[in-house]
Each structure stands twice: as C-alpha cells, then as structure tokens.
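Okay, structure first, notes after.
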C-alpha cells in the first residue's frame, strides 16, 4: 500500500535531487518533476563547452538516481502555473491524472540575466544547460575552422577573438579553458593559422574578478589568467553586443571590439517559475526574480510549500540573500526534506535553516586554481587538487566519477581535449534577431 502523503519536487537540480534522496525513508510518495530526464552537474558545464568532457560525463538519468526508492517516481514535464487552493500543479502538457501535492518543494534554479538587454541572448549565449554548452563548443571550434580558410586579416582577427563578459567563477573558468584550448590543444592542428594567436578577453564591470574571494586570491587568480594569455579588463561596462562584436565603455570613452564569439557569464536571475508562484500566492518577487521565504524555507502563508536554491530569497542569515551556489541548494534540500519528515512524525517545528559555508573554489586552468576554505587560503597546484577532489566527490553517480577522472587524467598528461567535436554542420557567425 502506497503512503498517503504526496511530496512533489519541481526541479531535478542539486536542491531537488538532494531533497528526493533524503526522503527515501520518509513514509511518503515522492514525485520529481523536471523538463529534462536527467540531473546536470552544472559546475563542469564549461568543460563540455571547451571539449574537455562529453555531455554524458556530467549528466545522470533521474530515473536511475531514484530507482531504489520504492515510492519515488519521475515525471518529465514543465510546470507553468499553480493552483494553490486545490494544491494542484498546472503543466504545459497536462497529464491524464492531475498532479496534486500535500507538500511541494520548488527548486527550479536560475537562468542568465541580461539586465534588460534580452536581444543579446541570441548573440552572446550563457552557460546553464547542456544545449548551451554544446552550442558554445560549436561556436568556439567553428570560429577556428572559419579563420583557417579566411584570407581577410580583419575578419580573421574577429574570428579569433573570444570575449567573455563577467568575471565570476564561470567567466574565469571559461576564459581559462578557451586559452588552454587555443594555446596547447589546437596549436599543431591548423596549417594557415596559429590558434595560439587567438585573443581571449575577459570583461568585468567591478574592480576585480572573483569578487567573492579575499583580495590576495583575487589578485593571484588574475595573475594566473594573464599568465595564460587571457586579457583581463576590469571596471568595464558593456553597452552593446552585436553579431560582429561588442561595445564597451571605459570611463567616458567607448570602444568597439570586433568578435564573432561573445559569451555571457555576467549575472543570473531566478527561474521564471518563481514569478508564477509568487503571483499565485499574491506576493512579489525581488529584483532578481527570487521568492521571499520564511526562516524554514516555506512560502509565507503556505507552510506546505518550500522554495529552495537559486529561486529563494532567504535573508534570515546575515540580512542578505544567500548566494546562488550549489551547496546552498544541497543543504536546503536536505533541510526541507527533514522538515517534512518531522511533520509526518508529529515532531515540534524545526529550527530555522542555517547555511554552513564550507568554502569557495574556482579553477583557472591546468594546475591553477584558488580556494577559500575558512582560514585556509590556497592557490596554484594545491588549490587545483582540492578543486578536482571536491568536484569528483559531488558528482552523483560513481560511473560519472570514474569517467571524469579518466578524462581529466588524459587531459592533464597530454593537454588534449578528446570531446572537441562539432556535432552539427559548422555554424555561421550568430545573427541578431
């Protein structure tokens, strides 16, 4: 006989998956709803985008991840609205049996924020999905292929100029990976161009890259990037992005930079489902599209609904929202699962959620990284080893850990990138909508 209490989790990312696994012995039915049928390890997407890993190395089928949970099920579908009165979810393609819940966990993550310039998305893609990573890989590799057969020096220069907008961890990791790709992996593979001549430019609006790190680690990260050949420019405001390049503002002066490949890592906002949930509850979202939650991660006025991860504005610890990081979502996923289990047992209300910051890591390239772990500050090779170990351990399937370790070992000793495949016909430079 199936348990009566039904927990529905929207989103198969870190928060949703950790909640589902924690509910294994909850005495409740669990339904995990996601638009895709797999869990994606987003921190390594940039390696797919630069040919270091294959898509399957960082993705795991959701059904395989919950198959040992007797009362767990997966529904592949997209939730578009909420009927809070009847505790029912509205999907883009409705199921034969309406999807009702007793407890609801909303963990749909975030998307890139173009700060009112949505037209830039077509010419400057972000990196949030496998589709994004494969498209970026195609654009980067196709740029070298076009440059190989281009005889106009100005066009060739634009084809071999790669601009990354945003100096956070994703921007730093992506620009460093492109630099390694051009200077080492591809250097002997072309006849008419030298890939090492490619310009990799990283633009950051703030005074420094990796603003969440201590000053000494920020400086070391920038030094490592510049040593790899990345041109780092801070205090830069991007005013326009086109199919043929970007316009930046430096003080009172504007500068046009021709480039066929512009990549966006400059900011995120909550998934649009947060707006739908807030509207259904008669509330507002914040400037980043996040839903304000109570100290126990519930939606105000709806104790049966939990909002976690990048979608939640949790300001009950330090007075400002928690960062949009995977560890936050993981810890909140476990917390809300424990809260639901406590309610089913009849326990007293749980203590407010408290995030335990275990540190921040960012890799720049081969043997180069920075790590801020409490009182421990690392850079260089030791930080890189720490980064490798942590990311291997956070992969959710053992087979993924083995595959990634094999790929990384190959890449380290050969500087090769076996997954640098253009999987569709080489695309032309992006066109503005």
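Residue numbers (this note's numbering): 81 to 513.
Heads up, the beta-carbon is just placed ideally off N, CA and C, and yes, glycines get one too.
Contact set for residue 243: own chain, Cβ-Cβ below 6 angstroms, skip 5 residues either direction: 281, 326, 339, 342
8 angstroms contact criterion, which residue 446 and residue 474 should meet: CB distance rounded: That belief does not hold up - the Cβ atoms of residue 446 and residue 474 are roughly 21 angstroms apart, past 8 angstroms.
Nearest neighbour of residue 247, chosen from 239, 290, 265 [CA to CA]: 290
Burial state of residue 455, where buried means 16 or more other Cβ atoms lie within 10 Å: exposed
Secondary structure of residue 329, DSSP reduced to three states: strand
Buried/exposed call for residue 380, threshold 16 Cβ in 10 Å: exposed
Distance CB(residue 119)-CB(residue 103) smaller than 8 angstroms: no
Buried or exposed by the 16-neighbour rule on C-beta atoms within 10 Å, applied to residue 479: exposed
Unbroken beta strand (DSSP E) run spanning residue 185, endpoints: 183 to 186
Cβ pair residue 217, residue 129 closer than 8 angstroms: yes
Span of the alpha helix (DSSP H) around residue 365: Per DSSP, residue 365 belongs to no alpha helix (DSSP H) and is neither H nor E.
Three-way DSSP call (helix, strand, coil) for residue 480 in this model: helix
Proximity to residue 107 [Cα-Cα], best of 121, 238, 150: 150
Reference residue 221; option with closest CA among 265, 184, 301, 181: 265
Under the three-state DSSP convention, the category residue 464 falls into: helix
The beta strand (DSSP E) enclosing residue 280, as first and last residue numbers: 279 to 284
Reference residue 207, options 253, 298, 378, closest by Cα: 253
Distance between beta carbons of residue 350 and residue 36, contact taken as under 8 angstroms: Limits of the chain in this structure are 81 at one end and 513 at the other, which puts residue 36 out of reach.
Reference residue 97; option with closest CA among 189, 135, 133: 189
Alpha-carbon to alpha-carbon, residue 302 and residue 312: 7 angstroms
Cβ neighbour criterion (16 or more within 10 Å) applied to residue 494: exposed
Span separating the alpha-carbon of residue 344 from that of residue 286: 15 angstroms
With 16 other Cβ atoms within 10 Å as the buried cut-off, status of residue 403: exposed
Buried/exposed call for residue 84, threshold 16 Cβ in 10 Å: exposed
Residue burial classification, residue 278 (beta-carbon count within 10 angstroms, cutoff 16): buried
Identity of the residue in 258, 138, 451 nearest residue 464 by Cα: 451
DSSP-derived helix/strand/coil call for residue 206: coil
Cβ-Cβ distance between residue 137 and residue 487 below 8 angstroms: yes
Close-in-space but distant-in-sequence residues of the same chain around residue 356 (CB under 6 angstroms, 5 per side omitted): 161
Cβ separation of residue 172 and residue 196, assumed to be a contact under 8 angstroms, to the nearest whole Å: Actually they do not touch by this definition, with Cβ atoms about 26 angstroms apart.
Test item: CB-CB of residue 187 and residue 441 under 8 angstroms: no
Alpha-carbon to alpha-carbon, residue 131 and residue 500: 4 angstroms
Close Cβ partners of residue 164 (< 7 angstroms) along its chain, the five nearest in sequence each way excluded: 360, 361, 382
Terminal residues of the beta strand (DSSP E) in which residue 418 lies: It is not in any beta strand (DSSP E) - residue 418 instead sits in the alpha helix (DSSP H) that spans 406 to 425.
Pairwise C-alpha distance: residue 490 and residue 239: 29 angstroms
Element boundaries [alpha helix (DSSP H), containing residue 445]: Segment 440 to 445 is the beta strand (DSSP E) holding residue 445; no alpha helix (DSSP H) there.
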